Amino acid sequence: MKKVPIVLLAFALVLPAALPADACTNIIVTPGASLDGSAMVSYAADSHWLYGELYSHPGGRWKAGSTVNIVEWDTQKPLGSIAQVPQTWRTVGNMNEKQLIIAETTWGGREELVCPGGIMDYGSLIYITLQRASTAREAIRTIVALATEYGYPSEGETFSIADKTEAWIMDLAGKGPDEKGLLWVARRIPDGYLCAHANQARITRFPLDSPDCLYGPDVIEFARRKGWYEGPDELFSYRDAYNPLDFGGARGCEARVWSAFNRLCDEVFTYEEGGKCVSRPSYDWIDYAMGYDLSGEMPLFVQPRRKLGVKDIADAMRDHYEGTPMDMTRDIGAGGNACPYRWRPMHFEVDGKVYVNERAIATQQTGFWFVAQSRPSLPDAVGALVWFGCDDAATSYLTPIYVATQRIPRCLAPGNGDLLHYSPESQFWMCNRVANACYRMYDRMAPVVRAAADAYENDMIARAVPQQDAQALALISKGGTKRAVKALTAFSCDQAQAQFGRWKRLEELLLVKFIDGNIKAQDADGNFLHSKYSEGIPDQLEFGGYNEVWKRAVAVFAGQTLESK
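For the sequence shown, the working numbering begins at 98 and goes up steadily by one.
Here it is in structure tokens:
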């Protein structure tokens with residue numbers, strides 16, 4: 098990754114527009130861009146009010162006249178009920194048994210487009226659609242139909258939708274208080290490419306007559322009626338009409354997309370322009386991403402220079418702009434131990450001027466995150482796989498959960514604690530304990546945590562999951578589908594609980610190893626070094642201290658203070 102000198106200006110910029118405090122990030126990878134031919138979607142569910150747990154729905158057949166209660170995902174407020182369909186699919190997290198994946202990021206958009214009387218909020222659209230649809234195109238139709246019949250009360254959203262063969266990005270917003278339905282457009286991501294979105298509508302102009310682009314029949318005319326667009330249909334830009342880009346949208350949102358592309362495409366964006374394949378350095382868009390120049394539109398789809406695996410996507414979700422001009426570990430805001438986090442609010446005022454902190458992909462307020470795989474080379478019972486984690490992606494781990502599982506691991510089970518009630522058996526709370534420990538001495542502690550997460554994920558990817566896949570396939574080939582599901586359930590729960598136990602021990606290690614800012618030495622086997630006289634007195638104790646950026650800043654401030662006296 099391209100290295101740059103420390104740029105203190107990246108810490109704080111005059112703020113002409115608000116930045117989202119609650120912000121999610123998605124990466125979408127098509128089968129042709131992945132190592133194993135799977136479609137992948139990553140999602141960080143970022144909210145100060147969201148608890149990390151793994152939702153599930155059993156699926157099944159339903160009697161005529163059955164209904165479904167709709168509860169707003171963000172607030173748990175009851176919104177009403179809708180008619181049930183005769184058949185629903187099993188879901189675990191944001192994936193169903195047919196290998197359909199749906200995720201989202203919120204971009205707000207024009208406030209007048211919210212329909213307060215609607216009952217299908219964005220979370221309900223996702224989870225109800227997963228129960229009802231089996232392909233990406235069917236999911237798009239279901240989303241539109243639900244919002245049209247029952248109304249959409251949420252803000253503007255971008256959805257990631259992927260199945261075994263296709264991946265789509267869909268921008269949508271409501272029509273205001275007087276009309277049900279959606280203003281929407283969806284584009285299929287070309288196979289071999291990837292896409293990303295982060296709280297900013299991403300679809301601008303789109304082909305009007307293509308099977309790979311679907312859109313609402315009134316999406317252009319509605320904008321004309323409102324005075325938001327005046328040109329010909331072929332030049333209409335969804336983003337410009339319904340979520341116009343400003344500094345906040347670029348610096349707080351599009352910058353995360355740029356950083357994901359930059360990492361996953363090895364600093365070269367390859368994309369289609371005017372019917373031709375074009376390659377340009379990723380840094381051609383750095384001024385756009387930083388909000389300095391909004392005229393250079395970033396590509397919607399880019400082609401990676403290498404095939405991507407689960408670990409590539411997981412690690413991109415751990416990004417803090419490292420090695421770029423927005424690197425959050427290298428300026429004075431990172432303190433003396435390179436902590437890439439800035440406590441909310443994201444903006445602050447000094448001498449009458451408002452400044453803003455960066456907003457990275459990895460963030461402290463993540464409730465849960467995942468990388469979901471739709472694997473077409475495997476039967477659905479085996480192919481649908483969610484790598485699931487809780488809290489800050491940079492200091493947590495992903496554990497593999499087969500959607501066929503008949504149980505949710507205790508550490509991830511809904512109801513096992515919440516944001517106001519601590520549970521020692523909850524993965525969310527344990528990952529928060531580890532993360533909050535790291536924030537105080539990040540440059541020393543986070544590498545220890547990252548090594549533990551890497552070891553587990555790499556082992557699961559290279560050994561454990563392939564072995565479990567093979568075992569399940571062997572059982573299915575002999576007619577033992579039920580036995581295969583039982584094995585997948587045991588694997589999902591056993592691995593999750595075993596790693597949860599390791600994370601508890603890791604949190605204890607962090608406490609002992611780094612207590613009071615001291616760093617205790619260990620041997621190659623992880624044993625603490627001790628003096629020759631006592632096993633309880635550390636040997637080769639190290640004092641962590643502070644980095645050069647912090648020491649120089651303190652020296653300057655101290656000098657100014659002394660001079661003022």
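Ideal Cβ placement from N, Cα and C applies to all residues, glycine included. None of these values were measured; they are calculated from a predicted model.
Secondary structure of E419 (DSSP, three-state): coil. Here C535 is buried, its C-beta having at least 16 other C-beta atoms within 10 Å. DSSP, reduced to helix, strand and coil, places Q470 within a strand of the structure shown. The alpha-carbon separation between L495 and P437 amounts to approximately 21 Å. The C-beta distance from L197 to T239 rounds to 10 Å, too long to fall under 8 Å, and the pair is not in contact.
Assignment of D428 by DSSP, reduced to helix, strand and coil, places it in the coil class.
Counting C-beta pairs closer than 8 Å gives three or more between the segment 483-499 and the segment 547-557, which meets the contact rule.
A distance of 8 Å or more separates the beta carbons of Q461 and A357. By the 16-neighbour rule on beta-carbons within 10 angstroms, Q657 is exposed.
Within the same chain, G633, I634, P635, D636 come within 8 Å of H627 by CB-CB distance, once the 5 residues on both sides are set aside. Ranking E639, S631, G623 by CA distance to the CA of I616 puts E639 first.
The three-state reading of DSSP puts C590 in helix, counting H, G and I together. The alpha-carbon separation between E370 and L361 amounts to approximately 20 Å. Under the DSSP assignment, S356 falls in the alpha helix (DSSP H) whose first and last residues are 352-361. Membership of Y452 in the beta strand (DSSP E) is indicated by the continuous run 450-453. Our two residues, A230 and T262, have alpha carbons roughly 15 Å apart in a direct line. In the structure shown, V211 falls within a coil segment according to DSSP collapsed to helix, strand and coil. Straight-line spacing of the CA atoms in R158 and Q184 works out to 5 Å. The C-alpha of M557 is placed about 25 Å away from the C-alpha of I258.
If only complete runs of 3 or more residues are kept, the segment 258-297 shows the beta strand (DSSP E) at 264-270, 280-285, 291-294, in order along the chain.
If you draw a straight line from the Cα of V468 to the Cα of S631, it is about 47 Å long.
Only buried fits S251, as 16 or more other CB atoms lie within 10 angstroms of its CB.
For V182, no alpha helix (DSSP H) run applies, since DSSP gives it neither H nor E. Here Y519 is exposed. Its C-beta has fewer than 16 other C-beta atoms within 10 Å. Cβ neighbours of P396 within its own chain (closer than 7 Å, five residues either side excluded): F366, Y368. The residues R187, in chain order, have a CB closer than 8 Å to that of P155 in the same chain once the five nearest residues on each side in sequence are set aside. With a cut-off of 8 Å on Cβ pairs, the segment 339-348 is in contact with the segment 377-390, counting three or more such pairs. Annotation for D620: L626 place their beta carbon closer than 7 Å to its own, counting only its chain and skipping 5 residues before and after.
Taking 8 Å as the cut-off, the Cβ atoms of I237 and W204 do not count as close. Between the alpha carbons of Q228 and L482 lies a distance of about 16 Å. Excluding its 5 nearest sequence neighbours in each direction, V126 has C-beta neighbours in its own chain below 6 Å: M137, L291, L405, listed in chain order. Nearest Cα to P287 within the set D309, D268, E645, I223: D309. If you draw a straight line from the Cα of R441 to the Cα of I458, it is about 15 Å long. In the structure shown, G345 falls within a helical segment according to DSSP collapsed to helix, strand and coil. When DSSP states are grouped into helix, strand and coil, W526 belongs to the helix group. Residue environment: L517 is assigned as exposed (fewer than 16 neighbouring CB atoms within 10 Å of its CB, all protein chains considered).
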